[in-house]
Each structure stands twice: as structure tokens, then as C-alpha cells.
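Here is the structure we will look at.
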């Protein structure tokens, strides 16, 4: 049993700069499968999610790079980093001058990793655990999502919610390395990057990452601002 996820993360990873965003350091693993199996064995569970928190995924790297290079996207605004993973994108938003940044992830290990990574980069970053898809997000101006369109079922739940938030005036920006289930309509490209990635995670050493903004379509949707 892992009583202290933060200690587990520190023991199983190393603090190192992110390849495409060297301004930020993260606790990163060298190998994915071994860490995943170790987590399952230690917790005596076979249903643990992959350790998304232990790597800088391509979409997150591209989105973080965009935020640092275009700080006006978040400066002075309230930002929510959805499915934050390692916290990379949230840390970038904090460094770019966002008035308030909060990270959310469903995985308790991610919550611990985000807190560790935020502290390592001097970022003040509240973190919460939970599945917020379909829920109101409150008074956030911007929602950021790095590399979230990797699964058909998850994307089917996620995209209507993101579109609804955009329709209600929330700026929704995603980073995606042309995953199979990415949105193809009602989005526009903000940037395109060639991002180096961990060879154990992808089918190539470099992935092309699109930074996408959901269009603010005027559709009849329930709820008010910040609610889908």
C-alpha cells in the first residue's frame, strides 16, 4: 500500500527540464510500463490508470509552449487546467501571468505530482481531484486541456462539454498531437509545433502538435456562463 504518493513519486522519478519547455522542471519517469506495474502491484490493484502524471506528453508540451510564447492568452485571467496530469500546462499558465490557476485531475497520484511540480517551479497552484466533465466550472475565463483526445469513450464525453463551455464564453484551448479522436470541426489552429517525445510513449521521436481553440458557436445550450 502506498501511504504517501508524494514520496512514491519522488522515489520513482527524477526532477528534470521538459524537452520542449525547458523553463519548467517536472518529476519525470524514465520508463512507463515498469512504473505502471509497480503502482498496480504496490496498491494491489489491476485497474490503475497509466501514470500520465509521470511524463510530459506531446500535447501538453505543445500547449505549455504556446502559453509561454503567447502569455496574453492567460495573463490576468482565471485559468483551469483540465486533466492536468503532471501540471505542466498549469505551471506554464502561472509563469505566463495568469491571475489564478487551478489544476484538476481524476488521479490521486496526479494530484500529488502536480503539487510537487508546482513547488519545484515556484508556482502557487491549487489542485483538486475529481471528474468535472459536464459540471459547471464557475468563474474561470480559460480552460486548458493538454493531450486529452486519446480515447474514443473519453473524447465522446469530453467534446460536447468543451464546446458548450466555449459557446458560453469560456476560452477553451487544447494541445493535441493529431490523436485519432481529436475534434475536426468547430476548432481552429492557433499554432503548430514539432515536439520531441519520450520514445517509450509514442510511435515517433517527434510528434506534430496542434494548439486548438474551440470556436464560440452561438448555439442554444442549457445553463449559464461556465456551465455545460
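Numbering (the working numbering), first residue to last: 102 to 329.
All C-beta atoms, glycine included, are put in the ideal place defined by N, C-alpha and C.
- Taking the Cβ atoms as the reference, residue 246 lies roughly 5 Å from residue 183, within the contact range of under 8 Å.
- A distance below 7 Å separates the beta carbons of residue 199 and residue 175.
- Rounded to the nearest whole angstrom, the CA to CA distance from residue 208 to residue 232 is 9 Å.
- For the pair of segments examined, the segment 253-266 was found not to touch the segment 292-312: the number of CB pairs separated by less than 8 Å stays below three.
- Secondary structure within the segment 230-283: the beta strand (DSSP E) runs of 3 or more consecutive residues, fully enclosed, are 243-247, 272-277 (chain order).
- In terms of CA proximity to residue 288, 312 leads the group 312, 123, 160, 110.
- Look at the beta carbons and you see the segment 241-255 touching the segment 155-171: at least three pairs across the two are nearer than 8 Å.
- Cβ neighbours of residue 219 within its own chain (closer than 7 Å, five residues either side excluded): 188, 192, 226.
- Note on geometry: alpha-carbon atoms of residue 121 and residue 297 lie some 7 Å from one another.
- Here residue 256 has 250, 282 as same chain residues with Cβ atoms under 7 Å from its own Cβ, once five neighbours each way along the sequence are excluded.
- Beyond the five residues adjoining it in sequence on each side, residue 267 comes within less than 6 Å, by CB distance, of 273, 315, 317 in the same chain, given in chain order.
- Classified as buried, residue 244 has 16 or more neighbouring CB atoms from the shown chains inside 10 Å of its CB.
- Under the three-state reduction of DSSP output, residue 296 falls in the strand class.
- By the beta-carbon neighbour count (other beta carbons within 10 angstroms, threshold 16), residue 224 is buried.
- Nearest Cα to residue 107 within the set 294, 212, 309: 212.
- Going by C-alpha positions, residue 204 is about 6 Å away from residue 181.
- For the options 279, 109, 217, 240, the alpha carbon positioned closest to that of residue 201 is the one of 240.
- Remark: C-beta atoms of residue 308 and residue 242 do not approach each other more closely than 7 Å.
- In the DSSP assignment, residue 312 falls within the beta strand (DSSP E) that extends over 307-315.
- With 16 or more other Cβ atoms from the protein chains shown falling within 10 Å of its own Cβ, residue 206 counts as buried.
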